[in-house]
Structure formats: structure tokens, C-alpha cells
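Enquirer: FYI, the numbering for the sequence shown is 352 to 456, going by our numbering.
Backbone N, C-alpha and C define an ideal beta-carbon position, used for all residues, glycine too.
Sharing a structure below in C-alpha cells format, with a few things to ask.
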Amino acid sequence: MAKLRWVVLALLTAVPVWAGDPSALDARFRSAVQQIEAGDPGRATESLLALEAEALPTGLQSQADVLLGILLVRQSRWEEAVPWLTRAADTYPLLSDYARVYLAE
């Protein structure tokens, strides 16, 4: 759980590059993070999966990818986690090592 808390903290303090008005997407992402903090990873996973249907800005997409991949691994949904963690490892230098560790699992 400590690793996940560090990842969430890093995601919240990262400075993403936004295109346009990100307020609605940012609020939905932060809502998913709050669901994790409240101990509801299943609901957070579904919230992040719903964001995938959106055209997310690159910074937010990378953050959502790593968080979603880790959540899926923690729910033993390993095969589903692979594409998210792979994309995060390739596009999010801040947490690419964490994405690779979870990929190895």
C-alpha cells in the first residue's frame, strides 16, 4: 500500500501539460484518486476506464495509465494491466520505473 500512496502523491504533484480547459477531466481524475484514498479501488478503476473514452491530454493520459495499470494489478487483473503499464512505462518518465516493476509482476 505504501508504494501506491507514493504513486498517488507523485501523480497529484506532477505538472501535466494541458491543452484547452482541463477542469472537467481533471476533476474526474482527482475523483478517481479520492476513491483510491477512500479504499474503493474497484470504483476508481471503473472511473479511470471511463476516462479512456475521452481524448485526454498527454500529461493526464500518462498519469491515468500508470494509476490504472497499478490498480488492475492489485485486483489480479494482470492481462488487462499490461497495455496501460506498457504505455505508462514508455511515456511517463517520472513513474516509468514503477510501471515496469508492476509489469514484471
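Near G393, what residues of its chain come up, given a Cβ to Cβ distance below 8 Å and the 5 sequence neighbours on each side ignored?
Expert: Excluding sequence neighbours, G393 sits near Q426.
Enquirer: Give me the Cα-Cα distance between P434 and Q386, rounded to the nearest whole angstrom.
Expert: The straight-line gap from Cα to Cα measures roughly 22 Å.
Enquirer: Determine the extent of the alpha helix (DSSP H) in which A401 is found, giving its start and end residues.
Expert: Unbroken alpha helix (DSSP H) run through A401: 392-402.
Enquirer: Going by CA-CA distance only, name the one from E430, L423, G410, L436 that's closest to E397.
Expert: Ranking the options by Cα distance to E397, first place goes to L423.
Enquirer: So what does DSSP say about P408, is it helix, strand or coil?
Expert: In this structure, P408 counts as coil in the three-state DSSP scheme.
Enquirer: Taking the C-alpha atoms as reference points, what is the distance between G420 and D441?
Expert: Cα to Cα, the separation comes out at about 13 Å.
Enquirer: Could you name the residues of the same chain whose beta carbon sits closer than 6 Å to that of L399, not counting the 5 residues immediately before and after it, in chain order?
Expert: So the qualifying residues of the chain are A383, A415, L419.
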